[in-house]
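Chemist: Numbered according to my numbering, the sequence shown spans residues 1430 to 1671.
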Amino acid sequence: MLVTDDKHPGDLIRGGHIDSIIREAVRLGADPIRAIKMGSLRTAEYFGLKKRGAVTPGYRADLVIVNDLTDLQVLQVYKGGVLVAEHGRMVSEHGDDAEGKAGHRADNTNSDEIETYSKENMVWDEDHNLVIAGVTDEDMAAAGNRVIENEGGLAIAVDGKVLMDLPLPIAGLMSDLPVEEVDRRLETMKQLLRELGIHEEIDPFMTLGFVSLPVIPKLRLNTYGTIDVEKQQAVETVYSVL
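1. Identify the continuous beta strand (DSSP E) that holds Ala1584 and give its terminal residues.
2. Are there 16 or more other CB atoms within 10 angstroms of the CB of Thr1652, so buried, or fewer, so exposed?
3. Buried or exposed: where does Val1484 fall if 16 or more other Cβ atoms within 10 Å of its Cβ makes it buried?
4. Measuring alpha carbon to alpha carbon, tell me which of Thr1617, Gly1573, Thr1636 ends up nearest Gly1589.
5. Can you tell me which of the three DSSP states Glu1616 falls into?
6. Give the DSSP bridge partners of Arg1649, in chain order.
7. Can you tell which of Asp1657, Gly1638, Arg1649, Gln1661 has the C-alpha that lies nearest to the C-alpha of Asp1434?
8. My output table needs one value for Pro1461: the three-state DSSP class, helix, strand or coil.
9. Please state whether DSSP places Lys1590 in a helix, a strand or coil.
10. What residue does the alpha helix (DSSP H) around Ala1570 start on, and which one ends it?
11. Could you have a look at Ala1473 and say whether DSSP puts it in helix, strand or coil?
12. Where Asn1496 and Thr1617 are concerned, what is the direct C-alpha to C-alpha distance, given to the nearest angstrom?
13. Give the straight-line distance between the Cα atoms of Leu1625 and Ala1571, rounded to the nearest whole angstrom.
14. Check for me: the alpha helix (DSSP H) holding Glu1453 runs from which residue to which?
15. Take the Cβ of Ile1451 as the centre, count every other Cβ of all protein chains shown within 10 Å, and call the residue buried at 16 or more, exposed below.
16. Smallest Cα separation from Ile1599: which of Ala1586, Met1593, Asp1440, Ile1577?
17. Quick one: residues in its chain with C-beta nearer than 7 Å to the C-beta of Val1520, no 5 flanking neighbours on either side, listed in chain order?
18. Just how far apart, CA to CA, sit Leu1431 and Leu1441?
19. With DSSP collapsed to three states, give me the class of Glu1515.
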């Protein structure tokens, strides 16, 4: 099964999504048909998506038309038999608001079960909190306060002043700007950080994001401190104070 993870706006614009992973697999020698199945049918089977992931009678007519089985450039996308995108642009009618219904089931539990679950999971969820790296308290406070004002996002501050930011106001994680604008701002911010001394091979925002992701080894940060993920324990970081 082929999957994607942590795709930035620029990755989607310039490389694509799962199609870019399939292209890379083919480039590395995978059989094109097998690679396509790994990115479509196998994924649908794994997640239990019935009648999806293949072109066969009785299945949903969700289709991706490509130029050939080597280059795999997407020409058209069909959803339920209807053409929805062509040459990278949406061509179908779409509304601004999402509508739908979600059902739920109720069950009984007790306080002991809730307490056990809480303790076992205290360091396994992602921490969507402020993650700040800097040289001076003034700069870190300026950047952190700007992110708070924007209700989420990214910010760069020097000499106590914010030089650039990217608000992510939707749940503190997503932008309401066009993807091209988000990509432009993000790339400009990366270039600014390179000028400030960050090595060009380092993605500063991705690095900060993974520092606070306490589900992969070895050492990560969350609200409990520095966590040894393999031991599921907080690490003592201050041994003595002079």
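C-beta atoms are modelled at their ideal positions from N, C-alpha and C, and glycine is treated no differently.
Modeler: So, from the data block:
1. Numbered from 1 along the sequence shown, position 155 holds the residue referred to as residue 1584. First-last of the beta strand (DSSP E) with Ala1584: 1582-1587.
2. As a position in the sequence shown, residue 1652 is number 223, starting the count at 1. Burial call: exposed.
3. Indexing the sequence shown from 1 puts residue 1484 at position 55. Classification of Val1484: exposed, given that the 10 Å Cβ count is below 16.
4. By 1-based counting over the sequence shown, the position of residue 1589 is 160. That would be Gly1573, whose Cα lies nearest to the Cα of Gly1589.
5. Here residue 1616 refers to the residue found at position 187 when the sequence shown is read from its first residue. The answer is helix: DSSP assigns Glu1616 an H, G or I state.
6. For this step, residue 1649 is matched to residue 220 along the sequence shown. Answer by DSSP bridge pairing, in chain order: Ile1656.
7. Counting from 1 along the sequence shown, the entry for residue 1434 is found at position 5. Out of Asp1657, Gly1638, Arg1649, Gln1661, Gly1638 has the C-alpha closest to the C-alpha of Asp1434.
8. Residue mapping note: residue 1461 aligns to position 32 of the sequence shown, counting from 1. Residue state, collapsed to three classes: helix.
9. Numbered from 1 along the sequence shown, position 161 holds the residue referred to as residue 1590. Lys1590: strand per DSSP, three-state reduction.
10. Here residue 1570 refers to the residue found at position 141 of the sequence shown. Element bounds for Ala1570: 1566-1578.
11. In the sequence shown, the residue the question calls residue 1473 occupies position 44. In this structure, Ala1473 counts as helix in the three-state DSSP scheme.
12. Taking the first residue of the sequence shown as position 1, residue 1496 is located at position 67. Taking the first residue of the sequence shown as position 1, residue 1617 is located at position 188. Approximately 33 Å, taken between the alpha carbons.
13. As a first step, residue 1625 must be located in the sequence shown, where it is residue number 196. As a first step, residue 1571 must be located in the sequence shown, where it is residue number 142. In a straight line, the C-alpha of Leu1625 is about 17 Å away from that of Ala1571.
14. Within the sequence shown, the letter at position 24 stands for residue 1453. Glu1453 -> alpha helix (DSSP H) spans 1447-1456.
15. Here residue 1451 corresponds to residue number 22 of the sequence shown, with the count starting at 1. With 16 or more other Cβ atoms within 10 Å, it is buried.
16. As a working note, residue 1599 is residue 170 in the sequence shown. If we check each option's Cα against that of Ile1599, Ile1577 comes out closest.
17. Counting from 1 along the sequence shown, the entry for residue 1520 is found at position 91. Only Leu1512, Val1513, Ala1514 meet the Cβ criterion.
18. Numbered from 1 along the sequence shown, position 2 holds the residue referred to as residue 1431. Numbered from 1 along the sequence shown, position 12 holds the residue referred to as residue 1441. Straight-line Cα distance between these residues: approximately 16 Å.
19. Counting from one through the sequence shown, the residue named residue 1515 turns up at place 86. Strand.
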